[in-house]
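If you're matching them up, the sequences are chains A and W in order.
Position one of the first sequence corresponds to residue 1 (the working numbering), numbered consecutively onward.
Position one of the second sequence corresponds to residue 1001 (the working numbering), numbered consecutively onward.
Ideal Cβ placement from N, Cα and C applies to all residues, glycine included.
All values derive from a computational prediction rather than experimental measurement.
Everything below concerns the one structure shown next.
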Amino acid sequence: GAGVSQSPRYKVAKRGQDVALRCDPISGHVSLFWYQQALGQGPEFLTYFQNEAQLDKSGLPSDRFFAERPEGSVSTLKIQRTQQEDSAVYLCASSSSQGPQGISGNTIYFGEGSWLTVV
Amino acid sequence: GQNIDQPTEMTATEGAIVQINCTYQTSGFNGLFWYQQHAGEAPTFLSYNVLDGLEEKGRFSSFLSRSKGYSYLLLKELQMKDSASYLCAPYSSNTGKLIFGQGTTLQVKP
């Protein structure tokens, strides 16, 4: 597609429920990032994929958070047993860069985000 | 590790010039991004500085001093639509991560 697409755009989950958030990156983009953004804050890094390999998951806040990108394209961020503190916008971004040395100024594109509210 | 500092809020008048500062401490620093984010929308790319100096792009300019760990975003001829959050994001080649500051919320008043 023309841009990074995320779904659902809005999700209300009951505490304890599992949720899955989907990201369709720009076609052909190698790198994919997930960020969590709380209200009034900057995005916080969660995890990074290069193709299907999850190279960095140091930002995942707990073992309830799990991300995958099995075929190196679409990615899913799964949150198990959601808690109220998980309420945030989850942003996906993709890049055409091949790795850390390949990044350049205009190749990181963000999706609109998935707004998660846990009640 | 990374430490990024930018003002939380700023207010300016339509037609004026505003400078948003950002200081950072980043291991493996390899450039700095500025993004604009309107409420409820995705961050959109504004600029990327790798070398020291000023990069101008229309009404927006971005400056970088690597030795001082300092950058600023300069917005000229402010318009009401410039009211948004501005995110400073140093890039680390060590980690391949883009790490964001808390953002500066700019309010442009008539």
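Span of the beta strand (DSSP E) around residue 110/A: 108 to 110
Could you work out which residue in 84/A, 32/A and 95/A is closest to residue 115/A when comparing CA atoms only? 84/A
Listed in chain order, which residues of the segment 1083 to 1101 of chain W have Cβ atoms closer than 9 angstroms to some Cβ of chain A? 1085, 1087, 1088, 1089, 1091, 1092, 1093, 1094, 1095, 1096, 1097, 1098, 1099, 1100 and 1101
Tell me whether residue 69/A is buried or exposed, calling it buried when 16 or more other Cβ atoms sit within 10 Å of its Cβ. buried
List the residues of chain W whose Cβ lies closer than 7 angstroms to the Cβ of residue 113/A, in chain order. 1042
Tell me whether the segment 1072 to 1086 of chain W and the segment 1035 to 1055 of chain W touch, counting them as touching only if at least three CB pairs, one residue from each stretch, are closer than 8 angstroms. yes
Between the alpha carbons of residue 1109/W and residue 1058/W, how many angstroms are there, rounded? 21 angstroms
Can you find a C-beta in chain W that's less than 8 angstroms from the C-beta of residue 26/A? no
Are there three or more Cβ pairs, one per stretch, closer than 8 angstroms when the segment 1003 to 1020 of chain W is compared with the segment 1057 to 1076 of chain W? yes
Taking buried to mean at least 16 other C-beta atoms within 10 Å of its own C-beta, is residue 16/A buried or exposed? exposed
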